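The opening position of the sequence shown corresponds to residue 68 in this note's numbering, with each subsequent residue numbered one higher. Quick reminder that beta carbons are idealized off the backbone N, C-alpha and C, glycines included. Bear in mind the structure is a predicted one, so any value in this text is a computation, not a measurement. Reviewing the structure listed below.
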Amino acid sequence: MLKPGVLNRRLVGEVIGRLEKKGLKLVGLKMMNVSQELASRHYAEHKEKPFYGELVDYITSGPVVAMCLQGDDCISIVRKLVGSTRPSEAAPGTIRGDFCLHTQCNIIHASDSDESAEREINLFFKQEELIDWEDNSSVWY
């Protein structure tokens, strides 16, 4: 998910382009506003942490771009492209390393496991909004 800062900074195409250029297949994409209720469900595992309020405030501060990607070892690859959660630890060349300065305004969210991905996809997409299409270019990656 691309968070409000990506839209504010006009980086949507650049970030999605990096994911696509790696060879990942985009099967779901939509711009939306995240309600307080959806934000609380998305960040449920952080509810008791001191930064929870900041997470909810940021994700609800403007539109986000929800995405669903497919590819071999997709979660691991996306997390490497995204970089460390803390911008000061994110390597140059990663999305967070190149475009983030503050952890609380982290510009992208990436699922950390198959279970998290399934839960998050179901939060942001209806089944009919996901399109599994034949990727004829996959032989090049």
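Every beta strand (DSSP E) stretch that sits fully inside the segment 103–147 and reaches 3 residues is listed by chain position as 131–137. DSSP places V82 within a helical segment (H, G or I) once states are collapsed to three. Annotated as proximal: V131 and K70, with beta-carbon spacing under 8 Å.
About 16 Å separates the beta carbons of A133 and K92, which is beyond the 8 Å limit, so they are not a contact pair. Put simply, the segment 117–128 touches the segment 101–108. At least three CB pairs are less than 8 Å apart. DSSP links G95 through a beta bridge to C135. For L190, the closest C-alpha among the options S155, M99, G164, K89 is that of M99. Here P159 is exposed, its C-beta having fewer than 16 other C-beta atoms within 10 Å. In its chain, beyond the 5 residues on either side, K92, V94 have a beta carbon closer than 6 Å to the beta carbon of Q137.
By the criterion of a C-beta distance shorter than 7 Å, T170 is surrounded in its chain by T152, R153, P154, once the five residues flanking it on both sides are discounted. Residue G150 holds the alpha-carbon nearest to the alpha-carbon of S178 among G150, L197, A157, E196. For F118, the number of other beta carbons within 10 angstroms of its own is below 16, and it is reported as exposed.
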